[in-house]
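Taken in order, these protein sequences are the chains called D and A. Following the numbering used here, the numbering of the first sequence begins with -15 at its first residue and continues without gaps. Following the numbering used here, the numbering of the second sequence begins with -15 at its first residue and continues without gaps.
There are 2 protein chains.
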Amino acid sequence: MNTRIIPLGGLGEVGKNMYVVACKDEIIIVDSGVMFPDDELLGIDYVIPDYTFLKENEHKIKALVITHGHEDHIGGIPFMVQSINVPKIYAPANAKELIEKKFEERNINYRSLLTYDENTVIKTKYFNIEFFRTTHSIPDSHGLAIRTPDGTIVMTGDFKFDMTPIGPMSNLHKMAKIGENGVAVLMSDSTNALVAGTSLSESVVDENLGEIFTACKGNRIILATFASNVYRIKHIIETCKKNKRKIALFGRSMENTVDIALKCGYFKDKNIIISAEEANHLKPGEVCLLCTGSQGEPLAALSRIASGTHRQISLMPNDIVIFSSSPIPGNSASVSKTINKLYKKGVKVFTNSMSDIHSSGHANQEELKLMIRLFKPKFFVPYHGEFRMLKTHADLAALCDIPKENTFVLENGDVLKLDKGTLTKDGKVTAGEVYVDGSRIGDVGSAVIKDRILMSNNGVLVIIANIDTENQKLLATPAITTRGYILVNENANLIKEIQNASATIINKSLKGRNFNFNDMKNDIINGLMPLLSDKTGRVPIILPIVMDIKQKEKNKTNSF
Amino acid sequence: MNTRIIPLGGLGEVGKNMYVVACKDEIIIVDSGVMFPDDELLGIDYVIPDYTFLKENEHKIKALVITHGHEDHIGGIPFMVQSINVPKIYAPANAKELIEKKFEERNINYRSLLTYDENTVIKTKYFNIEFFRTTHSIPDSHGLAIRTPDGTIVMTGDFKFDMTPIGPMSNLHKMAKIGENGVAVLMSDSTNALVAGTSLSESVVDENLGEIFTACKGNRIILATFASNVYRIKHIIETCKKNKRKIALFGRSMENTVDIALKCGYFKDKNIIISAEEANHLKPGEVCLLCTGSQGEPLAALSRIASGTHRQISLMPNDIVIFSSSPIPGNSASVSKTINKLYKKGVKVFTNSMSDIHSSGHANQEELKLMIRLFKPKFFVPYHGEFRMLKTHADLAALCDIPKENTFVLENGDVLKLDKGTLTKDGKVTAGEVYVDGSRIGDVGSAVIKDRILMSNNGVLVIIANIDTENQKLLATPAITTRGYILVNENANLIKEIQNASATIINKSLKGRNFNFNDMKNDIINGLMPLLSDKTGRVPIILPIVMDIKQKEKNKTNSF
């Protein structure tokens, strides 16, 4: 029959997960994530997968199936549904609520968002999709078994195995049964494939958090954690109840999570939640402030509390601040800044590097092996992760009796063909990164980013000259303006030199044979570079703007 | 007598160390470092301390004393000697060579750079400075005991205790003797104050590296480490000798280090060093390529080898790449990029997170306690480190019987007064950050950085209008140019809209009462913002340039 598996995002990176399974005129998409840009993508808000392949095969799309509600799995949905016709989206209850919030915020009117649970079976002409419950750092995480005419494809979604979880157990038995019935291809989460052993159980985290609460009975506790980690929050609420503390929430995403969790029934103690004002009227030992900002995000609640700029909360010397989190790579500097500010206020800080008060949501090596053993697939495709994670995960599969030649370490856009139970590589489709900046998708390209990097290093210098080409005359001293290079009013002499040098270059260029605007602009750029480099040791982006006064009278402008 | 201790850099931060000890008309400066800018300081090359205090007290400066040759202790010297008269610089042999290289590179003619060793005593009218050898990740690291009329001040410099070092042992006995004779103030390195236990011995690192060499007999070994870590390099050379491998060096700083090390006699096997070309003619098992680039620096040797852009070295599938290093905070993303590239080439990679093949040069908590116990000072001032490190170090001192009230956790610029053996806080002097960008010191200020941040996020939009104020006329459609915002040629309609909107604003402004240029510019900025935000979801820096054609004929320009 020929079923195809096409990763459009999530391979060679952590983020923007999106996987396509196609058979004849049917396409199922699994997940639709965003990635947060790295430091080099200046000013970019999100990175999403290139949707070209989907756009070109729009008429085949039957459904988008969401494994769980993290941004790297649902964040792309608003952009996707605005550019592609997606007839149905299936999501588990928690993810569905989060997606609806996104639609609300962006005024998107999408009507075919459906819920599934572990017992749902989605049927199309060629596919039967079943689900199995997994454990992850957000509730309602699921893996998929996609029955195709060419064999069963299993995608784990994000997962860990936790034998003593706070929420429901992974459905080991359903996984085992699917495995027994034969799996052609297993695609499994590689995020923590570099980490040996077994991940810390959420119960141990909770025990350790509980000990801090017991030890700090009389102190106000300020606790920051990932807002999406509903089970962690559920436990914190229970711990507060046990310790007779009320909880005040800080940060919009924290409020959203608790809203949704109450709505979905993950916890029920509505009365324990109080307002910031009420919290300020209770004794320190009677409250816990639950905040966003565990990553040191400058505008998040904890950062503002640490800086002393929070509207409602001022730190007191006996406060306890707990980071039930670990810094995502790239955030360690901003987390350090927040911690230093907290130390300066004299409060006591607990972090995960001191005591085990956070656990990742992803499986370590021993758990990854268990997953491979449960499904005992014929072919193995590590997904979700940077190349070294995928490669290391592939090596783990080899230890679990998956022959090396049956393992595929891929890139986004690679096409796998599953034909009567046999998997082979079969070409490539368009895949890549699209930048979202502001409200516009994809119109900030690498040229714009390159300019931003140049300007961020050395600024921009604009030279404006009015010329009269007919009479080969520069009409006045060129005007100079600059940003991010030098301060104009502190560098009057240098500005004068730049003006004079520009005038000389322009006059020479005007009198040259074959005068044209582009040559003149290049002359200005090339002529000024040595001067600027010599005087300041750096060269900004030089933007010459030359206007022909005669042309302008005909209402034309020359600029680039 | 009143001796004063003034930190000008190195407190509340890791970097730009500089400490002043002053008595009457004498000033001794200890160390003169740079700090590498964090991500927010766009385009800045170095951060140095504010030298205002030194400038104002220039005539009192007797000498600069250097503890060791790392950039955060010597990197500021070229900037300092160009703006302040420093009569003498004392440095240990290795640091002296490194400082001379700096002078050479910058064509600085400084003639009073002197060497000291552990037996040197520097005497001035009020001070007697003695030295004690410490262990650190660069040879020739020393601490200072400064005898003043008001008591002895000890500064440890950067240090660790290693009971089985590769180079010479710390001089425990000299430290003990100084301690026995009475120390008024101990200032001690806080860099690793957050890390429990004892640091890994360099001998263990070397043993583990040796095991990799033994296990990979037939493979080419590519090894990246910090170029300044002479003892690590010494051991690698010895391991190569034992394993009958020749060594080729890649990266200028690696070549410099080996040059200086041979000159200073840290190792002698000149013959083991071969050229890249020679290395390419030997069998894989007969060579070791020693590279810079352990931090993923894009232009360093290892990064270019990993990217396949190195002129001389191409990776082969059986190569072994060893990172004998750990990523400095902020570099983990670039290190990951390099590692992913190496995995893609199919080579085997060893990092410190897999096996102990790197050790920090700084003391962990147990070693810090030993230092405090050896000197048993009356007063304790933690230095070198972020606030939380200083604070934690102060807590460690309390465990070692230093009364809390005798410990000072300070900021740069705080003044300590030592009067007949008693230490008190005594006001503040000017201290802060000065940015070096290109060749100019301090002329890039926070206003320029702020512009760079704005431009790096959203770019810049320049609107140029020629007007005739006399006749209240806009002479032509305003010209538009932009960088880092949108691409002009892909957004013709938007550019047209911006031109029209600008024309409308300018015409209105021209006809208003009390016309002036600044108001018009503000009108343009405020008038365009909603349009730009609406159309693109982001607002660039808007630079309106309005030129009065009548004024220009008198050869004046209006720009800002």
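All residues carry an ideal CB built from backbone N, CA and C; glycine is no exception.
Helix, strand or coil at residue i [DSSP, three-state]
i: D:Phe307; result: strand
i: A:Glu102; result: coil
i: D:Ser486; result: helix
i: A:Val420; result: strand
i: A:Asp142; result: coil
i: A:Ile425; result: strand
i: A:Ser587; result: Outside the shown range of chain A, which is -15 to 544, sits residue 587 of chain A, and nothing can be said about it.
i: D:Met238; result: helix
i: D:Tyr215; result: helix
i: A:Glu10; result: strand
i: D:Arg(-12); result: strand
i: A:Ala415; result: coil
i: A:Met19; result: strand
C-beta neighbour in chain A for residue i, strict 8 Å
i: D:Gly27; result: yes
i: D:Pro514; result: no
i: D:Asp435; result: yes
i: D:Leu266; result: no
i: D:Lys86; result: no
i: D:Asn112; result: no
i: D:Met300; result: no
i: D:Ala463; result: yes
i: D:Lys492; result: no
i: D:Gly280; result: no
i: D:Arg467; result: yes
Residue i beta carbon near the ligand ZN (any heavy atom closer than 7 Å)
i: D:Leu400; result: The ligand ZN is absent from the structure shown, which contains no ligands of any kind.
Between the CA atoms of residue j and residue i - distance to the nearest angstrom
i: A:His43; j: A:Val399; result: 19 Å
i: D:Ser318; j: D:Pro282; result: 8 Å
i: D:Tyr215; j: D:His120; result: 10 Å
i: D:Pro(-9); j: D:Ile50; result: 15 Å
i: A:Ile525; j: A:Gly468; result: 10 Å
i: D:Phe234; j: D:Ser308; result: 15 Å
i: A:Thr406; j: D:Glu351; result: 60 Å
i: D:Val341; j: A:Leu98; result: A small fix is needed here, since residue 341 of chain D is Ile in this sequence, not Val. Distance between the alpha carbons of D:Ile341 and A:Leu98 is about 52 Å.
i: A:Cys441; j: D:Val428; result: First, the amino acid is wrong: residue 441 of chain A is Asn here, not Cys. Each residue's Cα considered, the two are about 11 Å apart.
i: A:Ile533; j: A:Asn450; result: 6 Å
i: D:Gly292; j: D:Ile464; result: 41 Å
i: A:Asp34; j: A:Asn396; result: 10 Å
Interface flag, residue i vs chain D, CB-CB below 8 Å
i: A:Val444; result: yes
i: A:Val432; result: yes
i: A:Asn91; result: no
i: A:Gly422; result: yes
i: A:Ile448; result: yes
i: A:Ser440; result: yes
i: A:Arg229; result: no
i: A:Leu471; result: yes
i: A:Lys328; result: yes
Taking contact to mean at least 3 C-beta pairs separated by less than 8 Å, is the segment 194 to 213 of chain A in contact with the segment 259 to 274 of chain A? yes
Check whether the segment 49 to 65 of chain D and the segment -5 to 4 of chain D are in contact - that is, three or more C-beta pairs closer than 8 Å. yes
Beta carbons nearer than 9 Å to chain D: which residues of the segment 198 to 226 of chain A have them? Listed by position along the chain: nothing, the set is empty.
Closer than 7 Å between beta carbons: that is the criterion. Which residues of the segment 368 to 395 of chain A meet it against chain D? Glu370, Phe371, Arg372 and Lys375
Please list, in chain order, the residues of the segment 303 to 326 of chain D that have any C-beta partner in chain A closer than 7 Å. Pro313, Gly314, Ser316, Ala317, Ser320, Ile323 and Asn324
Using a beta-carbon distance cut-off of less than 8 Å, what residues from the segment 7 to 32 of chain D approach chain A? Asp22, Asp23, Leu26 and Gly27
Does the segment 490 to 500 of chain D touch the segment 408 to 425 of chain D, meaning 3 or more C-beta pairs lie closer than 8 Å? no
When the Cβ atoms of the segment 282 to 299 of chain D are set against those of the segment 318 to 338 of chain D, are three or more pairs found closer than 8 Å? The segment 282 to 299 of chain D is in contact with the segment 318 to 338 of chain D.
In the segment 516 to 532 of chain A, which residues sit with their C-beta less than 7 Å from some C-beta in chain D, listed in chain order? Thr520, Gly521, Arg522, Ile525, Leu527, Ile529 and Met531
On the three-pair Cβ rule with 8 Å, is the segment 164 to 173 of chain A touching the segment 363 to 383 of chain A? Output reads yes: the segment 363 to 383 of chain A touches the segment 164 to 173 of chain A.
At least three beta-carbon pairs within less than 8 Å, the segment 71 to 79 of chain A to the segment 112 to 127 of chain A: These segments touch.
What are the residues of the segment 283 to 298 of chain A that lie near chain D, defined by any Cβ-Cβ distance shorter than 9 Å? Along the segment 283 to 298 of chain A, there is no position whose C-beta sits under 9 Å from a C-beta of chain D.
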